Amino acid sequence: MPVHGGRWRPSLRAVVLLLALCAAISSSGSSSNSSSSTGSTRGPCNWAELHAQFARTLAAATAFATLRYNITRHPPFPSPCLNGTSLAGPAAACVRRRSMTHAVLIMGDSIDRIMVGGGCAHWNITAYESGAGVNGTREGRAYAYDWEWSRGRLKHNSGGLVSSMCVVERLGSNVTGAAWLAAHGMGATNVSAGSSSNSSKPGSGHISSVASALFGFVHILGAEPQGPYLFGLANSAEDGYIDTASRVPYVSGLFEQALGVVPSLVIYRADMWSFYKQMADRGWNSTLVTATRWEPIIDKFIEHTNATLAWLRARYPPSTLVGVHTVPMITNEGATHALYTAGLRAAARRLGLPVWDWAEITAPRPPSEYLTDGIHPAKHPSAWFASFVLSSAKAWDAMRCQCEQGSH
């Protein structure tokens, strides 16, 4: 294990073993799918088997990341565990042939808003193509982060954008900068979320028609199905979609309506403040809560998280992966964070869903390496984890493309 404060170097043996594991997972998946498609009759895609294969791939990529990468210095994420299935060979050809859009929807809190914003800034192809700095121009900021796809539909912004998204890559357009934004309705002031088309230009269609990858976020205010949540947030005449039980179904449909694409990944994370809300409801002080008294809180958190995850899994087709992600250790909240992380993992495990385990990846490193204020991740770790998630979306799309098409 690394020593905090010193430069950590993974053992060569550990890296080699993980690379071999990645190769074994990739080859086993390819051979099993190949055997199913070499006969005269192609059977239906075995989604249970494909989901299990992806879970193994994600676990190997997570272990590789934990051993190998210095998060503060190495975005994006070139994991061989993920790239081997997504960037080469028949898998990539299948994705190109079908013009698939890699779409990620993160349902979470301010940590996720920052993570998505960091990824969008890192990927800002408008600023890159115009030669401007990633965060150096109004054009770059608008392209990277200011497109709020729920604008006018969800009112409460909880101190920041209630939703955001960016186009990570696009298909077949040579237009750059503000002209591309305006042509496709992506400006910060000219978007009407939920319209049948996000462009005033006739025939342009949804943004997904010109994007090969989309990355989006929407703020979920608590694990409990109904508010009031932390700070007294509750449904009102102004905003009837504060409650998680109504908000999650509403934004699931709104995302597809606004962007014209079914997500490849839907990652849900109820925030840790739900723990503190339950303590406040009981009149407890966190310093007085014993391990025994935590039990009803974590049990209720898992119950609520499970209910939302089960609804999402039933709502989306098997070609959409639904799961959770954890967050890095929060300064001075070690015990609470450990229980919260265990609750997220347990909720996912009960339903057999994948976990994008940011907590595990950052565990060998001190919080000062990846946090800005003791709670929220810094720019580079945010961009790094966003790239990790996007790489997994590409890997999943490549796997399901071949399975659906029988093209192995």
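Under the numbering used here, the residues of the sequence shown are numbered 321 to 728, in order.
Every residue, glycine too, gets a C-beta built ideally from N, C-alpha and C.
The model shown is predicted, which means the values in this text are computed figures rather than measured ones.
In angstroms with no decimal places, state the Cα-to-Cα distance between TYR596 and LEU550.
Start at 1 with the first residue of the sequence shown, and residue 596 comes out as number 276. Start at 1 with the first residue of the sequence shown, and residue 550 comes out as number 230. Roughly 8 Å between the two C-alpha positions.
Please classify ARG567 as buried or exposed, where buried requires at least 16 other C-beta atoms within 10 Å of its C-beta.
Walking along the sequence shown from the start, residue 567 turns up at place 247. With a 10 Å radius around the Cβ and a threshold of 16 neighbouring Cβ atoms, ARG567 comes out buried.
Grouping DSSP H, G and I as helix and E and B as strand, with all else coil, what is VAL482?
As a first step, residue 482 must be located in the sequence shown, where it is residue number 162. Assignment of VAL482 by DSSP, reduced to helix, strand and coil, places it in the coil class.
Indicate the three-state DSSP secondary structure (helix, strand or coil) for LEU387 in the structure shown.
Mapped onto the sequence shown, residue 387 falls at position 67. DSSP places LEU387 in helix when its eight states are reduced to three.
Quick one: Cα of PHE374 to Cα of GLY603, how far?
Taking the sequence shown and counting its residues from 1, the one referred to as residue 374 is at position 54. Taking the sequence shown and counting its residues from 1, the one referred to as residue 603 is at position 283. In a straight line, the C-alpha of PHE374 is about 43 Å away from that of GLY603.
Quick one: complete beta strand (DSSP E) runs, 3+ long, within the region 674-706?
The region 674-706 contains these whole beta strand (DSSP E) runs: 675-677.
Looking at GLY439 and ALA706, is the spacing between their C-beta atoms short of 8 Å?
The residue labelled residue 706 in the question sits at position 386 within the sequence shown. The residue labelled residue 439 in the question sits at position 119 within the sequence shown. A Cβ-Cβ contact shorter than 8 Å links ALA706 with GLY439.
Between VAL488 and chain C, is any beta-carbon pair separated by less than 8 Å?
The structure shown contains no chain C, having only a single protein chain.
Which partner residues of VAL582 appear in the DSSP bridge assignment?
Sequence index remark: in the sequence shown, residue 582 carries index 262 (1-based). Bridge partners of VAL582: none, in fact.
Ordered along the chain, which non-local residues of its own chain (more than five positions away) have a Cβ less than 7 Å from that of THR358?
Looking up residue 358 in the sequence shown gives position 38. For THR358, the predicted structure reports a pLDDT of 32, less than 50, and the residue's modelled location is therefore unreliable. The matter cannot be settled from this model.
From this set, THR628, CYS414, PHE384, ARG376, which residue's C-alpha is nearest CYS723's C-alpha?
Counting from 1 along the sequence shown, the entry for residue 723 is found at position 403. Selected option, being the one with the closest Cα: CYS414.
Coarse secondary structure for LEU710, derived from DSSP in three states:
Locating residue 710 in the sequence shown gives position 390, counting from the first residue. DSSP places LEU710 in helix when its eight states are reduced to three.
If ALA658 and ILE622 are in contact, beta carbons under 8 Å, what's the gap, nearest whole angstrom?
Your numbering for residue 658 matches position 338 in the sequence shown. Your numbering for residue 622 matches position 302 in the sequence shown. Between the beta-carbon of ALA658 and that of ILE622 there is about 14 Å, and that puts the pair past the 8 Å contact cut.
Opposing strand residues paired with GLY536 [DSSP bridges]:
To locate residue 536, count along the sequence shown from 1; it is residue 216. According to DSSP, which records beta bridges pairwise, GLY536 is partnered with LEU425, MET485.
Quick one, are the C-beta atoms of GLY643 and LEU691 less than 8 Å apart?
Working through the sequence shown from its first residue, we reach residue 643 at position 323. Working through the sequence shown from its first residue, we reach residue 691 at position 371. Contact: no.
Between GLN598 and the rest of its own chain, which residues show a CB-CB distance below 7 Å, the 5 nearest in sequence each way excluded?
By 1-based counting over the sequence shown, the position of residue 598 is 278. Excluding positions up to five away in sequence, the list reads ILE617, LYS620.
When burial is assigned at 16 or more other CB atoms within 10 Å of the CB, is SER584 buried or exposed?
On the sequence shown, position 264 is the one that residue 584 refers to. Burial of SER584 is indicated by the presence of at least 16 other C-beta atoms within 10 angstroms of its C-beta.
Give the straight-line distance between the Cα atoms of PRO701 and ALA533, rounded to the nearest whole angstrom.
Along the sequence shown, one-based indexing puts residue 701 at 381. Along the sequence shown, one-based indexing puts residue 533 at 213. Taking the straight line joining both Cα atoms gives about 20 Å.
Which value, in whole angstroms, describes the spacing of the CA atoms of PRO364 and ARG635?
What you label residue 364 is simply residue 44 of the sequence shown in a count that begins at 1. What you label residue 635 is simply residue 315 of the sequence shown in a count that begins at 1. Straight across, the Cα-Cα distance linking PRO364 with ARG635 is about 21 Å.
Can you grab the Cα-Cα spacing for the pair HIS645 / PRO548, in whole Å?
Here residue 645 refers to the residue found at position 325 of the sequence shown. Here residue 548 refers to the residue found at position 228 of the sequence shown. C-alpha separation (whole angstroms): 24 Å.
Would ILE426 and PRO697 qualify as a contact pair, given that the criterion is a beta-carbon distance under 8 Å?
Against the sequence shown, residue 426 aligns to sequence position 106. Against the sequence shown, residue 697 aligns to sequence position 377. The answer is no: Cβ separation not under 8 Å.
Grab the span of the alpha helix (DSSP H) containing THR661 for me, first residue to last.
Here residue 661 corresponds to residue number 341 of the sequence shown, with the count starting at 1. Start and end: 654-671.
Would you say THR421 and GLU680 are within 8 Å of each other, going by their C-beta atoms?
To locate residue 421, count along the sequence shown from 1; it is residue 101. To locate residue 680, count along the sequence shown from 1; it is residue 360. For THR421 and GLU680, no; Cβs fall outside 8 Å.
Helix, strand or coil for VAL647, going by three-state DSSP, please let me know.
Along the sequence shown, one-based indexing puts residue 647 at 327. In the structure shown, VAL647 sits in coil (DSSP, three-state: anything other than H, G, I, E or B).
Identify the residues that DSSP records as bridge partners of VAL642: which are they?
Working through the sequence shown from its first residue, we reach residue 642 at position 322. As DSSP reads the structure, VAL642 sits in a beta bridge with VAL586.
Just the C-alpha distance for ALA508 and CYS486, rounded to the nearest angstrom, thanks.
For this step, residue 508 is matched to residue 188 along the sequence shown. For this step, residue 486 is matched to residue 166 along the sequence shown. No answer about ALA508 holds up, because its pLDDT of 35 lies below 50 and its placement is not dependable.
State the DSSP-derived secondary structure class of TYR596, mapped to helix, strand or coil.
Reading the sequence shown from its first residue, position 276 is the one you call residue 596. Correct three-state label for TYR596: helix.
From ALA380 to ALA557, what distance separates their C-alpha atoms?
Locating residue 380 in the sequence shown gives position 60, counting from the first residue. Locating residue 557 in the sequence shown gives position 237, counting from the first residue. Answer to the nearest angstrom: the Cα atoms are 47 Å apart.
Is DSSP giving ARG418 helix, strand or coil here?
Along the sequence shown, one-based indexing puts residue 418 at 98. The answer is coil: DSSP assigns ARG418 none of H, G, I, E or B.
Out of curiosity, what's the CA-to-CA distance linking ARG720 and LEU378?
In the sequence shown, residue 720 corresponds to position 400, counting from 1. In the sequence shown, residue 378 corresponds to position 58, counting from 1. Looking at the backbone, the Cα of ARG720 and that of LEU378 are separated by about 15 Å.
Residue of ARG665, ALA683, TRP704, ALA590 minimising C-alpha distance to GLY654
As a position in the sequence shown, residue 654 is number 334, starting the count at 1. Distances from the alpha-carbon of GLY654 to those of ARG665, ALA683, TRP704, ALA590 put ALA683 closest.
When burial is assigned at 16 or more other CB atoms within 10 Å of the CB, is PRO687 buried or exposed?
Within the sequence shown, residue 687 is the residue found at index 367, counting from 1. By the C-beta density criterion, PRO687 is buried, having at least 16 other C-beta atoms within 10 angstroms.
Tell me which residues share the same chain as ASN626 and place their Cβ nearer than 7 Å to its Cβ, disregarding the 5 neighbours each side in the sequence.
Start at 1 with the first residue of the sequence shown, and residue 626 comes out as number 306. The beta carbon of ASN626 sits closer than 7 Å to those of ALA667, ARG670, LEU671, all from its chain and outside the five residues before and after it, given in chain order.
The alpha helix (DSSP H) spanning SER556 covers which residue range?
On the sequence shown, position 236 is the one that residue 556 refers to. If you look at SER556, you'll find it isn't in any alpha helix (DSSP H); DSSP assigns it neither H nor E.
If VAL488 sits next to LEU664, beta carbons under 8 Å apart, how far is it from one beta carbon to the other, in whole angstroms?
Counting from one through the sequence shown, the residue named residue 488 turns up at place 168. Counting from one through the sequence shown, the residue named residue 664 turns up at place 344. About 26 Å separates the two Cβ atoms, so there is no contact after all.
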